[in-house]
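Residue numbers (the numbering used here), protein chains in the order written: chain F, 928 to 1184; chain R, 218 to 463.
Note that CB positions come from ideal geometry on N, CA and C, so glycine has one too.
The structure displayed is predicted, hence computed values, not measured ones.
Structure, as structure tokens:
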Amino acid sequence: MRNMLEKHQDSVYAVQLTELTKVYDGRKIVDNLSLIIPAGEIFGLLGPNGAGKTTVMKMIAGLTQPSKGSVQIFGINRDDQPTAIKKLVGLVPQDNNLERDLTVEEVLLIYGRLFGVDQVKHRVAEVLEEFNLEQSRYKQVGVLSGGLARRALIARALLPDPKLLLLDEPTVGLDPDVRQDLWTIVRHLTDQGKSIVLTTHYMEEAEQLCQQVAMLRAGRLALLDTPAGIKQQVGKTGQALGALESMFIKLVREGDA
Amino acid sequence: MLTDIATVFWRDWVVLHRRLGTFILSRMITPILYLVAFGWGVGRSVQVSQGNYLDYIVPGILALNSMNISFNSVASPLNMSRLYHKTLEEYLVAPISSLSFIIGKVLAGTLRGMISSVIIILLAYVFGAKFQMTLFFWLVIILNCLVFSSLGFVAAMLIPSHEEMGNFSTYVLLPMSFLCATFFSIDKLPALVRWVLELLPLTHASHALRAIGSGGEAAGLSWLIMLVYIVVLLGISVWTMEKVRE
């Protein structure tokens, strides 16, 4: 097992999805999706509502079992080491699922202990400082603002120092200044060598942050490219922001047709 | 595994500790009402073979109250956690076994059931009830709490809405509260009804507590049935944890 877990050090990709399929009540939410997500980059997973983005994230995180296909994380098949591999992955869910009855510090302590973090109190103090949460340390999660709660969610996911961070709609519903603040945090994480997969509805966000984006439509891969490549495909001379949005709208309309 | 169980348990203890005063006060209301209504009220005009009716019903009240508290301490919050708050996901992504999570939750529910049982015992003494408390008496209460915490876990993981959780309590727990030898002996009930009730764990918890409380011994069958329920319900709990990932 140790050898398998050390394998991720040399892996050039963070995630490899092979013919990944998820069926709920007879309906294919994710359909035969194969995708390679490089290590050390920010990778965007885009698509309209119901495209299967969150389900893909859940399958990578191990929250949901695929109906078919496989998930490899840093070269390790999830089915081979389902428990050990969880230490490599941090998930920031779309909804705030911090326990409202607990303080920020208690949430982090529990999470750290569940992940077997060494010197957990020291590590919690580090993370609180890193995410400017020290003043909210003894506050119950239920009273946190949206921005602070989002910070706490990211801090919690990063507490066990995962190599891969999954951000599911990380800035949805946040004020523009808080969003900018979180973008800075995300960029800083790749400087630390983290691999990041994020889903977003904001084309601007994908444009600003991602080295590569995949667009999903009805659970299938509709497009995989860099924002610059998409700009070229759209054939615009303007900003790539417009290109990504144009491509998104085109794909959605093709899907509806 | 022990660390993981302790962490899950600790989470519930932190929440309980923060609300301990409210918890204790709220848990006194129902037993006081039972003791006043059935002990002082009805009980003064009722004589049972074992003697005083108050002494007779205290084990029954203990059994049904520890059932309700253990069940509700696990079922309702866990159901909300799974369906609405999504806090269960925190544990599903953590590298801990399903069994560690289940045992942590079930023990936390058992603790709450035990605290409420202590409250009832103290109140029963205040009301003048007389019964013997031995180690086995406490063991029966612990087993009863474990049975219904485990049932609460299973219900929370399988029932698809919080509203239906209420229905489960109405259709399953409420009838048991009154029929499982808590307030009256089931000996005079029709044979078929008695046979069904003898299959239920609360009947055996009531029988066992009453037997030990009056200076006797609990039947081997009562111990066996409660243990079988615990093992089966824990097994189903593990299955529900796998099912929730589907």
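query: Given a threshold of 16 other Cβ atoms within 10 Å of its Cβ, counted over all protein chains shown, does E1061 of chain F qualify as buried or as exposed?
result: exposed
message: Measuring only the C-alpha atoms, how far is C362 of chain R from S439 of chain R?
response: 14 Å
field: Supposed contact pair I336 of chain R and I241 of chain R - C-beta distance, whole angstroms, cut 8 Å
entry: 6 Å
- prompt: Any idea what DSSP makes of V1044 of chain F, helix, strand or coil?
  reply: Residue state, collapsed to three classes: coil.
query: Cα separation between F401 of chain R and I274 of chain R?
result: 8 Å
- prompt: Do the region 293 to 308 of chain R and the region 1015 to 1029 of chain F meet, that is, are 3 or more Cβ pairs less than 8 Å apart?
  reply: Because the criterion of three Cβ pairs below 8 Å is met, the region 293 to 308 of chain R and the region 1015 to 1029 of chain F touch.
message: If contact is defined by three or more beta carbon pairs under 8 Å, each pair taking one atom from either stretch, is the region 940 to 955 of chain F in contact with the region 982 to 1001 of chain F?
response: yes
message: Here's the rule: buried if 16 or more other CB atoms are within 10 angstroms of the residue's CB, otherwise exposed. What is M458 of chain R?
response: buried
- prompt: Just checking, does the region 963 to 981 of chain F make contact with the region 1143 to 1155 of chain F on the three C-beta pairs under 8 Å criterion?
  reply: yes
- prompt: By how many angstroms is the C-alpha of V1054 of chain F removed from the C-alpha of I1037 of chain F?
  reply: 14 Å
- prompt: Using 8 Å as the limit for Cβ to Cβ distance, is T220 of chain R near chain F?
  reply: yes
query: Which word fits P1009 of chain F, buried or exposed, when buried means at least 16 other C-beta atoms lie within 10 angstroms of its C-beta?
result: exposed
- prompt: Name the chain F residues whose beta carbon is nearer than 7 Å to that of T309 of chain R?
  reply: A small fix is needed here, since residue 309 of chain R is Leu in this sequence, not Thr. Chain F residues near L309 of chain R: L990.
- request: List the whole-angstrom C-beta distance separating V1068 of chain F from V1105 of chain F, where the pair is believed to meet the contact cut-off of C-beta under 8 Å.
  value: At roughly 17 Å, the Cβ-Cβ gap does not stay under 8 Å, so V1068 of chain F and V1105 of chain F are not in contact.
- request: State buried or exposed for E1056 of chain F, treating a residue as buried only when at least 16 other CB atoms are found within 10 Å of its CB.
  value: exposed
Pairwise C-alpha distance: H1049 of chain F and D1088 of chain F: 13 Å
message: So if DSSP puts I963 of chain F in a beta bridge, which residue, or which two residues, is it bridged to?
response: DSSP lists F:Q943 as partners of I963 of chain F.
query: Using 8 Å as the limit for Cβ to Cβ distance, is T224 of chain R near chain C?
result: Looking at the structure shown, chain C is missing, and the protein chains on hand are F and R.
field: Completely contained beta strand (DSSP E) runs for the region 1003 to 1032 of chain F, where each covers 3 or more residues
entry: 1016 to 1019
- prompt: Shorter than 8 Å from the beta carbon of K322 of chain R to some beta carbon of chain F?
  reply: no
query: DSSP state of G369 of chain R, grouped into three classes?
result: helix
field: CA-to-CA distance, V1140 of chain F to G1120 of chain F, given in whole angstroms
entry: 19 Å
- request: Kindly give me the distance between the Cβ atoms of C1137 of chain F and F970 of chain F, rounded to whole angstroms, as I take these residues to be in contact under 8 Å.
  value: 6 Å
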